[in-house]
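Colleague: Pasting a structure below so you can have a look.
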Amino acid sequence: MRKNDLSFKMSLSRPVRLVTWISSAAILLGVAVCAYTAAVVEGGGWVFWLIAACMLLIPLYFAFRCPRDITLEEGALSVRQYVGGVSIPYRDIAEVEPISRYSGLRLCASGGFFGFTGLFWSNELGKHTVVAGNLKSPFLVALKSGKKYVFNCDASDKLLSSLRMRLPVS
């Protein structure tokens with residue numbers, strides 16, 4: 258992070274943390290049952306090991322995609338996740354605005370397990386990508402290409418005012 262960069266934390270809300278902990282415990286219990294069954298069953302144990310591996314890999318994907326923070330860099334808005342992230346150049350942004358009440362249907366996404374990440378759909382926004390730790394004060398970043406993102410951070414109002422100052426005047 259450079260000197261002029263502003264970074265905003267993306268915290269998981271209490272319900273999201275609860276869903277994550279309960280789901281993780283249930284998944285680990287399922288893996289333990291599969292491992293036990295694989296040890297007991299003769300000849301078919303590999304199927305249970307395969308199921309156990311899938312039960313571990315899918316949650317790991319969402320854990321790695323968990324949002325960490327949003328940074329306003331010199332030329333782009335960057336959202337960091339534990340693996341990967343999103344970087345949007347300011348010149349590509351058409352508009353940014355707060356969303357008063359968000360509701361979206363998951364198309365291919367996590368709706369609370371390690372945050373909200375993935376592809377969603379709603380009547381107001383159509384198809385869009387969400388990367389948020391919680392949905393308390395989300396905001397929309399619409400690109401000139403038509404692509405839409407919904408983000409959230411702990412200080413959304415401050416981020417939006419800082420972001421608007423960095424956007425080029427059209």
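For the sequence shown, the residue numbers in my numbering are 258 to 427. Even for Gly, the Cβ is constructed at its ideal location relative to N, Cα and C. All figures in this text were calculated on a predicted structure; none of them were measured in a lab.
Which residue or residues does DSSP assign as beta-bridge partners of K433?
Modeller: Because residue 433 is not part of the residues shown, which for the chain are 258 to 427, the question remains open.
Colleague: Using beta-carbon positions only, say whether G383 and N409 come within less than 8 Å of one another.
Modeller: One-based indexing of the sequence shown puts residue 383 at position 126. One-based indexing of the sequence shown puts residue 409 at position 152. No. Outside cutoff.
Colleague: To the nearest whole angstrom, what separates the beta carbons of L392 and F373, a pair I think is in contact under 8 Å?
Modeller: Position 135 of the sequence shown holds residue 392. Position 116 of the sequence shown holds residue 373. Confirmed, about 6 Å.
Colleague: 8 Å is my cut-off, CB to CB: does K384 come that close to chain C?
Modeller: Absent from the structure is chain C; it holds one protein chain and no more.
Colleague: I need the straight-line Cα distance from F305 to V290, nearest angstrom please.
Modeller: Your numbering for residue 305 matches position 48 in the sequence shown. Your numbering for residue 290 matches position 33 in the sequence shown. Cα-Cα distance, rounded: 9 Å.
Colleague: Please report the distance separating the alpha-carbon of S419 from that of Y406.
Modeller: If you number the sequence shown from 1, residue 419 lands on position 162. If you number the sequence shown from 1, residue 406 lands on position 149. Their backbone Cα atoms lie some 18 Å apart in a straight line.
Colleague: Keeping to the same chain, check which residues put their C-beta closer than 6 Å to that of I308; ignore five residues upstream and five downstream.
Modeller: The residue you call residue 308 lines up with position 51 of the sequence shown. Hits under 6 Å: C291.
Colleague: Enumerate in chain order the residues of its own chain whose CB-to-CB distance from E354 is below 7 Å, with the five nearest sequence positions on each side excluded.
Modeller: The count along the sequence shown starts at 1 and reaches residue 354 at position 97. The answer, listed in chain order, is F396, L397.
Colleague: Apply the 10 Å Cβ neighbour rule to F321 and answer buried if 16 or more other Cβ atoms are within range, or exposed otherwise.
Modeller: Counted from its first residue, the sequence shown places residue 321 at position 64. With fewer than 16 other Cβ atoms within 10 Å, it is exposed.
Colleague: First and last residue of the alpha helix (DSSP H) that includes P272?
Modeller: For this step, residue 272 is matched to residue 15 along the sequence shown. Unbroken alpha helix (DSSP H) run through P272: 271 to 297.
Colleague: Three-state secondary structure (DSSP) at Y406?
Modeller: Residue 406 sits at position 149 when you count from the first residue of the sequence shown. Strand at Y406.
Colleague: Pull up the DSSP beta-bridge partners for S367, would you.
Modeller: To locate residue 367, count along the sequence shown from 1; it is residue 110. In the DSSP output, where bridge partners are listed per residue, S367 has T374.
Colleague: Per DSSP, which one or two residues make a beta bridge with R325?
Modeller: As a position in the sequence shown, residue 325 is number 68, starting the count at 1. DSSP, once it has assigned bridges, lists no residue as partnering R325.
Colleague: Which partner residues does E354 have in the DSSP bridge list?
Modeller: Here residue 354 is taken as the residue at index 97 of the sequence shown, counted from 1. DSSP, once it has assigned bridges, lists L397 as partnering E354.
Colleague: With a threshold of 8 Å on Cβ separation, who are the neighbours of V298 within its own chain once the five nearest residues in sequence on each side are excluded?
Modeller: Taking the first residue of the sequence shown as 1, we reach residue 298 at position 41. Closer than 8 Å at Cβ, skipping near neighbours: F305.
Colleague: List the residues that DSSP assigns as beta-bridge partners of R337.
Modeller: The residue you call residue 337 lines up with position 80 of the sequence shown. Looking at the DSSP assignment, R337 forms a beta bridge with D326, G342.
Colleague: Rounded to whole angstroms, what is the Cα-Cα separation between S281 and K404?
Modeller: Here residue 281 refers to the residue found at position 24 of the sequence shown. Here residue 404 refers to the residue found at position 147 of the sequence shown. So the two alpha carbons sit approximately 32 Å from each other.
Colleague: In chain order, what residues of the same chain lie with their CB nearer than 7 Å to the CB of K401, ignoring the 5 residues before and after it?
Modeller: Taking the first residue of the sequence shown as position 1, residue 401 is located at position 144. So the qualifying residues of the chain are D349, A351.
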